[in-house]
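Residues are numbered in our numbering as their position in the sequence shown, beginning at 1, plus a constant of 174.
Backbone N, C-alpha and C define an ideal beta-carbon position, used for all residues, glycine too.
Computed from a predicted model, the values in this text were never measured in an experiment.
Reading through the structure tokens given below for one structure.
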Amino acid sequence: MKDLFTPYQIKNLELKNRVVMPPMCQYSVTKKDGIANEWHYIHYVSRAIGGAGLIIIEMTDVEPDGRITDYDLGLWSDEQIPAIKRIVDACHQHGAKVAIQIAHAGRKAEDAAVPVAPSPIPFDENSKTPRELTTEEIKAMVEKFRLATERAVKAGVDAIEIHGAHGYLIHQFQSPFTNKRTDEYGQDLTKFGKEVIQAAKSVMPSEMPLIMRVSAVEYVDNGYGLKESVAFSKVYQEAGVDMFHVSAGGEGQIAAHGRPGTHAAYQVPFAREIKEKLNVPVIAVGRLDEPALANAVIGNEEADLVAVGRGMLRNPYWTLEAAATLNKKNTVPTQYSPAFPSRS
């Protein structure tokens with residue numbers, strides 16, 4: 175029977191367990207150059223030492239004005255590759271595999287002088303009104319995603335995650351709430367996402383998995399729900415996505431902030447639905463910090479992997495603690511072994 179500490183493989187990605195550290199922005203770039211620094215190195219490597227099977231480096235953007243803030247990571251330049259490679263290499267030394275989330279914030283780019291979006295609709299009353307991208311600019315944006323993915327591959331990552339959730343640019347294109355275009359990218363709300371996926375796949379090794387993060391529901395009037403997200407996820411699957419990382423929200427701002435509806439495991443049914451309808455591997459995320467609960471999601475075959483966000487922010491060694499709590503065998507660093515029970 176599968177559990178949180180059963181190994182997992184998808185394509186050539188072999189994980190020692192089912193625990194994922196999801197991407198969580200650190201807003202810690204010091205020179206505003208998008209280059210990872212010592213904070214990022216310690217942040218990610220400590221979770222590798224702490225036993226996570228897969229670490230997904232935070233939202234890393236394809237151009238400077240594609241960042242949420244000027245303190246976010248980027249991969250728009252070859253100069254940003256070495257710092258990512260240093261993190262990846264160190265995580266590998268401690269038995270973790272590493273993915274990276276490639277993204278563009280679109281209208282949610284707070285520090286851009288003029289954000290860009292599918293349509294000139296501000297995120298909220300306190301946000302700047304974005305400029306509508308031209309059709310030609312959209313095609314150029316697809317190329318920026320391709321180049322960022324190519325740089326990530328050069329940095330040695332084990333998988334790529336495309337960010338299509340949480341109200342960022344790809345999400346903005348796939349939502350009728352934010353995409354009011356009349357050109358080809360408005361007539362087919364999945365066109366931009368499909369082209370980004372295909373561009374990324376064109377520079378990835380054939381056996382490297384492509385993960386896509388999606389918001390299964392928007393929590394906003396005139397937005398989409400689970401039925402629609404199953405449908406567009408199917409389109410993305412056919413375009414080349416190997417696994418979905420299923421979250422929610424991004425427009426209505428209900429998700430992930432402790433507001434009504436964000437009880438423990440509240441997003442697991444969304445992951446299960448996409449998994450079952452598409453027959454595709456999924457990562458579940460959202461209030462899964464309790465080891466027994468995370469373990470049950472795997473044991474009940476509701477998801478293939480479980481992402482633990484806030485739990486790992488509080489405790490880099492969440493995975494080691496979970497194994498001890500669940501009485502599961504896990505690899506503990508020799509230096510820390512006196513603190514953990516031995517499991518045969």
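How would you call Lys354, buried or exposed, if buried means at least 16 neighbouring beta carbons within 10 angstroms?
Numbered from its first residue, the sequence shown carries residue 354 at position 180. Result: exposed.
Indicate the three-state DSSP secondary structure (helix, strand or coil) for Ile428 in the structure shown.
Along the sequence shown, one-based indexing puts residue 428 at 254. Residue confidence is low: Ile428 scores 48 on pLDDT, short of 50, so the model does not pin down where it sits. No coordinate-derived value is stated.
Exposed or buried, which one is Ala429 when buried takes at least 16 other CB atoms within 10 Å?
Within the sequence shown, the letter at position 255 stands for residue 429. Any answer about Ala429 is weak, because its pLDDT of 47 lies below 50 and its placement is not dependable; what the coordinates show is given next. By the 10 Å Cβ count, Ala429 comes out buried.
Spatial neighbours of Lys302 in its chain, beta-carbon cut-off 6 Å, leaving aside the 5 residues before and after:
One-based indexing of the sequence shown puts residue 302 at position 128. So the qualifying residues of the chain are Pro289.
Just confirm the distance between the C-beta atoms of Gly330 and Asp263, as a whole number of angstroms; I'd bet it's less than 8 Å.
To locate residue 330, count along the sequence shown from 1; it is residue 156. To locate residue 263, count along the sequence shown from 1; it is residue 89. Confirmed, Cβ separation roughly 7 Å.
Excluding the 5 residues preceding and the 5 following Pro350 in the sequence, name in chain order all residues of the same chain whose CB lies nearer than 8 Å to its CB.
Here residue 350 refers to the residue found at position 176 of the sequence shown. Excluding residues within five positions, the ones whose Cβ falls inside 8 Å are Leu363, Asn396, Gly397, Tyr398.
Look at the Cβ atom of Asp159, then the Cβ atom of Asp239, and state whether they are nearer than 8 Å.
Lying before the first or after the last residue shown, residue 159 is absent from the chain, which here runs from 175 to 518.
Contact check, Ser343 vs His278, beta carbons under 8 Å
Reading the sequence shown from its first residue, position 169 is the one you call residue 343. Reading the sequence shown from its first residue, position 104 is the one you call residue 278. Correcting the residue type first, residue 343 is Leu in the shown sequence and not Ser. Yes, they are a contact pair.
Start and end residues, beta strand (DSSP E) containing Met198
As a working mapping, residue 198 is identified with position 24 in the sequence shown. Met198 -> no beta strand (DSSP E), and no H or E assigned at all.
Once you ignore the five residues that flank Lys368 on each side, which residues in its own chain have a CB closer than 6 Å to its CB?
As a position in the sequence shown, residue 368 is number 194, starting the count at 1. Correct list, in chain order: Ala413.
Candidates Met386, Lys451, Arg241: closest to Ala422 by CA position:
As a position in the sequence shown, residue 422 is number 248, starting the count at 1. Selected option, being the one with the closest Cα: Met386.
Quick check on the burial criterion: 16 or more other C-beta atoms within 10 angstroms. Buried or exposed for Ile472?
Numbered from 1 along the sequence shown, position 298 holds the residue referred to as residue 472. Buried: at least 16 other Cβ atoms inside 10 Å.
Decide if the region 211-226 is in contact with the region 477-490; the criterion is three or more beta carbon pairs, one per stretch, under 8 Å apart.
yes
Report the three-state DSSP secondary structure of Gln361 (helix, strand or coil).
Your numbering for residue 361 matches position 187 in the sequence shown. In this structure, Gln361 counts as helix in the three-state DSSP scheme.
Measure how close the beta-carbons of Val336 and Ile274 come, nearest whole angstrom, since I'm counting them as under 8 Å.
By 1-based counting over the sequence shown, the position of residue 336 is 162. By 1-based counting over the sequence shown, the position of residue 274 is 100. Looking at the sequence provided, one finds Ile at residue 336 rather than Val. Going by Cβ atoms, the distance from Ile336 to Ile274 rounds to 10 Å, so no, they are not a contact pair.
Identify every residue that forms a DSSP beta bridge with Tyr440.
In the sequence shown, residue 440 corresponds to position 266, counting from 1. DSSP output for Tyr440 lists no bridge partner at all.
Enumerated in chain order, which unbroken segments of the alpha helix (DSSP H) with a length of 4 residues or greater are wholly contained in the region 308-359?
309-328, 343-348
Can you tell me which of Lys451, Glu475, Gly483 puts its alpha carbon nearest to the alpha carbon of Ala438?
Counted from its first residue, the sequence shown places residue 438 at position 264. Here the closest residue by C-alpha is Gly483.
Could you check where the alpha helix (DSSP H) with Leu249 kicks off and where it finishes?
One-based indexing of the sequence shown puts residue 249 at position 75. That residue, Leu249, is in no alpha helix (DSSP H); it is neither H nor E in DSSP.
Spell out whether any CB of chain C is found under 8 Å from the CB atom of Leu321.
The structure shown contains no chain C; it is built from a single protein chain.
Apart from the five residues on each side of it in sequence, which residues of its chain come closer than 6 Å, Cβ to Cβ, to Tyr182?
As a first step, residue 182 must be located in the sequence shown, where it is residue number 8. Taken in chain order, the residues that qualify are Leu189, Arg192.
Those runs of the beta strand (DSSP E) which lie wholly inside the region 202-247 and span at least 3 residues
228-235
DSSP state of His278 mapped onto helix, strand, coil
The residue you call residue 278 lines up with position 104 of the sequence shown. The answer is coil: DSSP assigns His278 none of H, G, I, E or B.
N-terminal and C-terminal residue of the alpha helix (DSSP H) that Glu495 is part of
Translated into positions along the sequence shown, residue 495 becomes position 321. Taken as a continuous stretch (DSSP letters only), the alpha helix (DSSP H) holding Glu495 covers 492-500.
Which of the three DSSP states, helix, strand or coil, is assigned to Phe366?
Residue 366 sits at position 192 when you count from the first residue of the sequence shown. Here Phe366 sits in helix by DSSP.
Straight-line CA distance for Gly280 to Ala291?
Taking the sequence shown and counting its residues from 1, the one referred to as residue 280 is at position 106. Taking the sequence shown and counting its residues from 1, the one referred to as residue 291 is at position 117. Spanning the two alpha carbons is a distance of roughly 5 Å.
To the nearest whole angstrom, what separates the beta carbons of Gln254 and Arg325, a pair I think is in contact under 8 Å?
Counting from one through the sequence shown, the residue named residue 254 turns up at place 80. Counting from one through the sequence shown, the residue named residue 325 turns up at place 151. Rounded, the Cβ-Cβ distance is 7 Å, consistent with contact.
Own chain, CB closer than 7 Å to Ala284, minus 5 neighbours either side, in chain order:
Taking the first residue of the sequence shown as 1, we reach residue 284 at position 110. A quick correction: the sequence has Glu, not Ala, at residue 284. Ile242, Thr243.
Since Arg484 is in the alpha helix (DSSP H), which residue starts that stretch and which ends it?
Walking along the sequence shown from the start, residue 484 turns up at place 310. Segment 484-488, the alpha helix (DSSP H) holding Arg484.
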